[in-house]
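Below: the structure, in structure tokens.
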Amino acid sequence: MEPMRQETKTAILNANPQAEPEIDEYERLLAERFTIDPDAPATQPLEATARVHQSREQRLQELHRKLFAVVHHR
Amino acid sequence: MANPVISILRAGDTTKSDPFTICIAANPALEAPWQTGQFVIDPIVSDPAAFDACADYINQSLFGGLPNQLEPVLSDPAIAPLVRVTSLFESGLPLADPNSLVAQDPSSNLLIARRAVFRAFLAARSLNADVVYAVSKSGTHTRASAWFTSDDDAQAGVPFTLDGQALTHRYQCLIPGTIAIHSASTSLTAVHEFHHAISSYSNGSIVDLYVDSNSALNCKRGRPIPFNFATYNGTAMASDMTRDHLGYPPGWQSCHCELIDPNVPAIMDNYWMAAPPSDPNACENDRITRQFVADRVRAKLSR
Numbered sequence: 002m003e004p005m006r007q008e009t010k011t012a013i014l015n016a017n018p019q020a021e022p023e024i025d026e027y028e029r030l031l032a033e034r035f036t037i038d039p040d041a042p043a044t045q046p047l048e049a050t051a052r053v054h055q056s057r058e059q060r061l062q063e064l065h066r067k068l069f070a071v072v073h074h075r
Numbered sequence: 005m006a007n008p009v010i011s012i013l014r015a016g017d018t019t020k021s022d023p024f025t026i027c028i029a030a031n032p033a034l035e036a037p038w039q040t041g042q043f044v045i046d047p048i049v050s051d052p053a054a055f056d057a058c059a060d061y062i063n064q065s066l067f068g069g070l071p072n073q074l075e076p077v078l079s080d081p082a083i084a085p086l087v088r089v090t091s092l093f094e095s096g097l098p099l100a101d102p103n104s105l106v107a108q109d110p111s112s113n114l115l116i117a118r119r120a121v122f123r124a125f126l127a128a129r130s131l132n133a134d135v136v137y138a139v140s141k142s143g144t145h146t147r148a149s150a151w152f153t154s155d156d157d158a159q160a161g162v163p164f165t166l167d168g169q170a171l172t173h174r175y176q177c178l179i180p181g182t183i184a185i186h187s188a189s190t191s192l193t194a195v196h197e198f199h200h201a202i203s204s205y206s207n208g209s210i211v212d213l214y215v216d217s218n219s220a221l222n223c224k225r226g227r228p229i230p231f232n233f234a235t236y237n238g239t240a241m242a243s244d245m246t247r248d249h250l251g252y253p254p255g256w257q258s259c260h261c262e263l264i265d266p267n268v269p270a271i272m273d274n275y276w277m278a279a280p281p282s283d284p285n286a287c288e289n290d291r292i293t294r295q296f297v298a299d300r301v302r303a304k305l306s307r
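Protein chains in written order, with this note's numbering: chain A, 2 to 75; chain B, 5 to 307.
Here is the structure:
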């Protein structure tokens, strides 16, 4: 995953100087998505896998809404 | 099929029926948003010049051809002539699932490769590839991403060890490494994503180093940072104790392998943060990543 541009990070922090931990969490969760083979045969119950996936995606939506409320992607 | 234009950018090993191949394809349809089954035309199919320029950029960057680029990637004289690079441009295809290689993430400006459709899309045009770039000209989503390769672990390969674990650089894959990239991408973006894509879910994955990632080929977890990062194929490799000038943030548990050039970030780290007068293009790999990628490509070239 391409790293976030510094100007995007600066714009988020200008809008909310306390946002650094949330930017880190957002970026970590986005990167984590790609480390799990979405097409691999299930190694654990499907329900458990779906729960982890759903919880990550919900958190990403929340963070995206919050971080990019007043900042546009660059 | 509409009017596929297939170009051979590098012939590769013409003595083989299945040479190691990288394909660069224009994305016919965008899934917007991701995982909704809603498709719109990708503007790239109306802009063949932008596609050609992007294909040229990718081809140049993979073979060390960017200004100030130091990482050889595939430019080793023993590797470069054997790598096949093709491009595929096709317009006028129906807006449907099989023709959509790229999706727009609703939670970011990431372009996401719809990896499950790539192989059939290429096969319908008598193409095959180990790594595939899908090029988009989305008006809203510009950030590239990649999925690792799903190896065919039922087939042969070249064995290696990682910290005593027996793994294999597989000759064949079930799903190739897939990359979604914007036509305006620059610098090491194509190279960074190539490293993800050539790596493997089951035989060594190359992860992002600019977040506190989980363990992988190029990332370990634990504090204090150990002097020895890993032993790859019998060779001990040291840790990067300082993460060049970036430093490990307090609270991180991950650590990285020693850098080839400790003055610039690793290619899999935040190459945009190369401190002037360094240039992002001058970032190089860490030691284990460079060796692993070279070995994996050599294994595939030998099939």
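No residue lacks a Cβ here, since even glycine has one placed at the ideal position from N, Cα and C.
So with CB distances below 7 Å, who are the chain A contacts of residue i?
i, result
"B/Ala120", "Asp40"
"B/Asp212", "Met2 and Ala32"
"B/Arg147", "Glu3"
"B/His196", "Glu3"
"B/Tyr205", "Asp38 and Ala41"
"B/Leu326", "Here chain B covers residues 5 to 307 and nothing more, so residue 326 of chain B does not appear."
"B/His199", "Those do not exist, as B/His199 stays about 11 Å from chain A at its closest Cβ, beyond 7 Å."
Identify the contact partners of residue i in chain A, using a Cβ-Cβ distance below 9 Å as the criterion.
i, result
"B/Ser154", "Asp38, Asp40 and Ala41"
"B/Val297", "Residues of chain A passing the Cβ test: none, with the nearest at roughly 17 Å."
"B/Asn218", "Glu33 and Thr36"
"B/Thr172", "Correct list: empty, because the minimum Cβ distance to chain A is about 16 Å."
"B/Ser187", "Correct list: empty, because the minimum Cβ distance to chain A is about 14 Å."
"B/Thr40", "Within 9 Å Cβ-Cβ: nothing; B/Thr40 doesn't reach chain A, min ~13 Å."
Helix, strand or coil for residue i? Go by DSSP, reduced to three states.
i, result
"B/Leu221", "coil"
"B/Cys287", "coil"
"B/Phe125", "helix"
"B/Ser65", "helix"
"A/Asn15", "helix"
"B/His246", "It should be pointed out that residue 246 of chain B corresponds to Thr in this sequence rather than to His. B/Thr246: coil per DSSP, three-state reduction."
"B/Asn237", "coil"
"B/Tyr275", "helix"
"A/Ile24", "helix"
"B/Pro230", "coil"
"A/His65", "helix"
"B/Ile185", "strand"
"B/Ile292", "helix"
"A/Ser56", "helix"
"B/Gln169", "strand"
"B/Ile264", "coil"
Given that residue i touches chain B, what residues does it touch there, using C-beta distances under 7 Å?
i, result
"A/His54", "In chain order: nothing, as chain B lies at least about 11 Å away."
Please go through the same chain and pick out, in chain order, the residues whose beta-carbon is closer than 6 Å to the beta-carbon of residue i, but skip the five residues on each side of it.
i, result
"B/Val162", "His173 and Ala303"
"B/Arg129", "Pro8"
"B/Asp273", "Leu213 and Tyr214"
"B/Ser258", "Asp216, Ser217, Cys223 and Arg225"
"B/Pro76", "Gly68"
Taking the beta carbon of residue i as the centre, do at least 16 other beta carbons fall within 10 Å, making it buried, or is it exposed?
i, result
"B/Glu197", "buried"
"B/Phe93", "buried"
"A/Lys21", "Correcting the residue type first, residue 21 of chain A is Glu in the shown sequence and not Lys. Classification of A/Glu21: exposed, given that the 10 Å Cβ count is below 16."
"A/Ala51", "exposed"
"B/Phe231", "exposed"
"B/Ile185", "buried"
"B/Gly2", "The displayed coordinates of chain B run from 5 to 307. Any statement about residue 2 of chain B would go beyond what the structure contains."
"A/Glu48", "exposed"
"B/Gly16", "buried"
"B/Asn72", "exposed"
"B/Gly181", "buried"
"B/His145", "buried"
Near residue i, what residues of its chain come up, given a Cβ to Cβ distance below 8 Å and the 5 sequence neighbours on each side ignored?
i, result
"B/Leu178", "Ser154, Asp155 and Asp156"
"B/Val301", "Phe24, Leu78, Ile83, Val87 and Ile202"
What residues in its chain sit with their C-beta under 7 Å from that of residue i, if we drop five residues either side in the sequence?
i, result
"A/Glu28", "Met5"
"B/Val297", "His199 and Ile202"
"B/Ala160", "Tyr175"
"B/Asn222", "Ile210, Val211, Leu213, His260, Cys261, Met272, Asp290, Ile292 and Thr293"
"A/Arg60", "Leu30"
"B/Ala170", "Pro163"
"A/Ala16", "Val71 and Val72"
"B/Asp167", "Ala234 and Thr235"
"B/Ala240", "Asn232"
"B/Ile229", "Ser243, Met245 and Cys259"
In chain B, what lies closer than 8 Å to residue i by C-beta?
i, result
"A/Glu62", "The sequence as given places Gln at residue 62 of chain A; Glu does not occur at that position. Ordered by position in chain B, the residues that pass the 8 Å Cβ test against A/Gln62 are Pro110 and Ser111."
"A/Glu1", "Summary: the structure shown does not reach residue 1 of chain A, with chain A confined to residues 2 through 75, and so no result is reported for it."
"A/Met48", "Correcting the residue type first, residue 48 of chain A is Glu in the shown sequence and not Met. By Cβ distance, chain B contributes nothing, its closest Cβ being about 18 Å from A/Glu48, past 8 Å."
I want to verify the contact list: residues of chain B whose CB lies under 9 Å from the CB of residue i, in sequence order.
i, result
"A/Gln7", "Asn274, Trp276 and Met277"
"A/Glu28", "Asp212, Tyr214 and Val215"
Since residue i meets chain A, which of its residues come closer than 8 Å, beta carbon to beta carbon?
i, result
"B/Ile179", "Asp40"
"B/Ala150", "Met2 and Phe35"
"B/Lys293", "Residue 293 of chain B is actually Thr in this sequence, not Lys. The contacting residues do not exist; B/Thr293 stays about 15 Å from chain A at best."
"B/Ser209", "Thr36"
"B/Thr193", "Glu3"
Practice task
Take every Cβ of the region 14-23 of chain B, pair it with every Cβ of the region 44-56 of chain B, and state whether three or more of those distances are shorter than 8 Å.
Solution key: no
Problem - Stretch pair the region 288-303 of chain B + the region 257-268 of chain B: three plus CB contacts closer than 8 Å - result: yes
Exercise for the section: Would you be able to state if there are at least three C-beta pairs under 8 Å between the region 132-142 of chain B and the region 206-213 of chain B? Expected result: no
Exercise for the section: Determine, using beta-carbon pairs with one atom in the region 38-46 of chain B and one in the region 119-133 of chain B, whether at least three such pairs fall under 8 Å. Expected result: no
Exercise for the section: Would you check if there are 3 or more beta carbon pairs closer than 8 Å linking the region 96-104 of chain B to the region 24-34 of chain B? Expected result: yes
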